[in-house]
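**Student:**
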Amino acid sequence: MAHYTRRAGLLCLDLARLGGQERYAAWLARALGDRGFRVDLLTDAPVARRALERALGVELPAVRVVDARPLLARGGSALAVRSARYDLFVNNAPSAWLPAFARESWLWVHCVPRSAPRHLNGWRVLANSRYTANALRRLWRRRAEILCGPVHPALRPEPKARLIAAAGRIESRPVPKRERELLRSFERLSDGGLAWSFAFAALPGTAAALRRLRRAAGPSVEIFSRLPFAGLRRLLGRASLFWHAAGYGVPASAHPGLREHFGSSVAEAMAAGAVPLVYDAGGPRELVRHGVDGYRYRSWAELEELTAGLAADPARLARLARAARRSAARFAYPRFAAAVGRLLRK
């Protein structure tokens, strides 16, 4: 039986969304558990631990999910007091500003909020990408250490199909995923003779948004809602291409929070050998080396031209898929766990 010598609290608002930020909170909890921490995963949207494990495909033996809604009332003062119990307290939800009372306090920023925090003294600031770190340096005048989240070790290529995959929250805010525009691009390619299919793994914003997206989908399109990890693994494993358009059309002068900060779905697709075609901005610009392990595009016409070219060139597609998988190895869980260990030793 595991012996836990230290206690950690990890605040993750809206855990039930199970998006990239929430998945990375679970992986951090796993890494801390592997380092001897008993972890309280504090959230205002509780999920049973077993359900969380099934949805994410990760075992969390050291984790207890705690309903933090009573602690978050009245500005979170009760949560701030509770955080003093922990050897380590991690705020994975920068929208909830708290003073740092734990022995060690980390603020892991996945999306730069519009307003600067009220309490930064005592917090060790972590960023999920260079893009995020650069934005924090400009806006907060604060240096952040980079901690990228991991990809699941079970993601790997399966026999590939003539399939384009995409994933994201429907009608997402503040970073739009542009799922309707992706459907229109696929429709234009299909009308031009591309005999492929398209699948979108949706984290629905609302039931109405999901219905609208399904009405817009053509006959060669499948919309999957809330795929458990096993289903997502199969989808990405079979996909030959992965489309990503978050932040498309956001002007360079806009707040950096309006673009994709990392691109967890892109990293996952690369690990599964799906060649990524990503909008050339934000975190995905760091993930994809143009012409080496995928492509970056700046217009829908360019996305469609790149897609048609790859569909007609299986040898180039296979070469890029192998390179994408090699690139994704930098996000392997052992490397993430080692990075967490280095942070704990500093």
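Residue numbers for the sequence shown follow the numbering used here, so the first one is -16 and each next one is one higher. C-beta: ideal position from N, C-alpha, C; glycine also.
Kindly indicate which three-state DSSP category E288 falls into: helix, strand or coil?
**Tutor:** What you label residue 288 is simply residue 305 of the sequence shown in a count that begins at 1. Here E288 sits in helix by DSSP.
**Student:** Measuring CA to CA, which of P136, M253 and L193 is closest to L39?
**Tutor:** Reading the sequence shown from its first residue, position 56 is the one you call residue 39. It is P136.
**Student:** Using the C-alpha atoms, what's the distance from A110 back to Q4?
**Tutor:** Position 21 of the sequence shown, counting from 1, holds the residue named residue 4. Position 127 of the sequence shown, counting from 1, holds the residue named residue 110. Each residue's alpha carbon lies about 12 Å from the other.
**Student:** Let me check one thing: in DSSP terms, what residues is E205 bridge-paired to?
**Tutor:** Looking up residue 205 in the sequence shown gives position 222. Note: E205 sits in a beta bridge opposite A182.
**Student:** Just the C-alpha distance for M(-16) and N75, rounded to the nearest angstrom, thanks.
**Tutor:** Within the sequence shown, numbered from 1, the residue matching residue -16 stands at position 1. Within the sequence shown, numbered from 1, the residue matching residue 75 stands at position 92. The predicted model places M(-16) with a pLDDT of 49, which falls under 50 and marks its position as unreliable; any figure quoted below should be read in that light. Distance between the alpha carbons of M(-16) and N75: 29 Å.
**Student:** Leaving out five residues before and five after V271 in sequence, what residues of the same chain have Cβ atoms less than 6 Å from its Cβ?
**Tutor:** Indexing the sequence shown from 1 puts residue 271 at position 288. Cβ neighbours of V271 beyond the five flanking positions: P259, V261, G277 and R279.
**Student:** Report the rounded CA-to-CA distance for S203 versus L177, giving the unit in angstroms.
**Tutor:** Residue numbering aside, residue 203 sits at position 220 when the sequence shown is read from its first letter. Residue numbering aside, residue 177 sits at position 194 when the sequence shown is read from its first letter. When rounded, the distance between both Cα atoms is 11 Å.
**Student:** Could you compute how far the alpha carbon of V49 sits from the alpha carbon of R126?
**Tutor:** Indexing the sequence shown from 1 puts residue 49 at position 66. Indexing the sequence shown from 1 puts residue 126 at position 143. Each residue's Cα considered, the two are about 31 Å apart.
**Student:** Note down, in chain order, each residue of its chain lying with its Cβ closer than 8 Å to the Cβ of R6, except the 5 sequence neighbours on either side.
**Tutor:** In the sequence shown, counting from the first residue as 1, residue 6 sits at position 23. If we look at R6 and ignore the five residues flanking it on each side, its Cβ neighbours are L39, G132 and S247.
**Student:** Does DSSP classify G3 as helix, strand or coil?
**Tutor:** By 1-based counting over the sequence shown, the position of residue 3 is 20. If DSSP states are grouped into helix, strand and coil, G3 belongs with the helices.
**Student:** What does the alpha-carbon distance come out to for the pair T290 and A149?
**Tutor:** Sequence index remark: in the sequence shown, residue 290 carries index 307 (1-based). Sequence index remark: in the sequence shown, residue 149 carries index 166 (1-based). Those two C-alpha atoms are separated by around 13 Å.
**Student:** Helix, strand or coil for D50 per DSSP?
**Tutor:** In the sequence shown, counting from the first residue as 1, residue 50 sits at position 67. Correct three-state label for D50: strand.
**Student:** In terms of alpha-carbon separation, which member of A304, W10 and A51 lies closest to A144?
**Tutor:** Position 161 of the sequence shown, counted from the first residue, corresponds to residue 144. Ranking the options by Cα distance to A144, first place goes to A304.
**Student:** For a quick check, are the C-beta atoms of V46 and G16 less than 8 Å apart?
**Tutor:** The sequence position of residue 46 within the sequence shown is 63, counting from 1. The sequence position of residue 16 within the sequence shown is 33, counting from 1. Yes.
**Student:** Under a Cβ-count criterion, where at least 16 other Cβ atoms within 10 Å of its own Cβ denotes burial, should D23 be classed as buried or exposed?
**Tutor:** Locating residue 23 in the sequence shown gives position 40, counting from the first residue. D23 should be labelled buried.
**Student:** Tell me the DSSP bridge mates of S74?
**Tutor:** What you label residue 74 is simply residue 91 of the sequence shown in a count that begins at 1. Rather than Ser, the amino acid found at residue 74 in this sequence is Asn. DSSP, once it has assigned bridges, lists L(-6) and L90 as partnering N74.
**Student:** Here's the rule: buried if 16 or more other CB atoms are within 10 angstroms of the residue's CB, otherwise exposed. What is E42?
**Tutor:** Here residue 42 refers to the residue found at position 59 when the sequence shown is read from its first residue. That one is exposed.
**Student:** Taking only the alpha-carbon atoms, compute the straight-line gap between E243 and A229 and give it to the nearest angstrom.
**Tutor:** For this step, residue 243 is matched to residue 260 along the sequence shown. For this step, residue 229 is matched to residue 246 along the sequence shown. Their backbone Cα atoms lie some 6 Å apart in a straight line.
**Student:** Of the residues G19, L122 and P267, which one's Cα is nearest the Cα of T(-12)?
**Tutor:** Position 5 of the sequence shown, counting from 1, holds the residue named residue -12. T(-12) has its Cα closest to that of G19, out of G19, L122 and P267.
**Student:** Using the Cα positions of I206 and R216, report the straight-line distance between them to the nearest angstrom.
**Tutor:** Position 223 of the sequence shown, counting from 1, holds the residue named residue 206. Position 233 of the sequence shown, counting from 1, holds the residue named residue 216. So the alpha carbons of these two residues sit roughly 15 Å apart.
**Student:** Can you round the beta-carbon distance between I147 and F169 to whole angstroms, since I take them to be within the 8 Å contact cut?
**Tutor:** On the sequence shown, residue 147 is found 164 positions in, with the first residue counted as 1. On the sequence shown, residue 169 is found 186 positions in, with the first residue counted as 1. I147 to F169, Cβ: 7 Å. Contact.
**Student:** Output needed for D70: all residues of its chain with C-beta closer than 6 Å, excluding positions within five of it in sequence on either side, in chain order.
**Tutor:** Residue mapping note: residue 70 aligns to position 87 of the sequence shown, counting from 1. Once the five neighbours on either side are set aside, the close Cβ partners of D70 are R(-11), R(-10) and R86.
**Student:** If V134 sits next to A250, beta carbons under 8 Å apart, how far is it from one beta carbon to the other, in whole angstroms?
**Tutor:** In the sequence shown, counting from the first residue as 1, residue 134 sits at position 151. In the sequence shown, counting from the first residue as 1, residue 250 sits at position 267. So it is a contact: roughly 5 Å between Cβ atoms.
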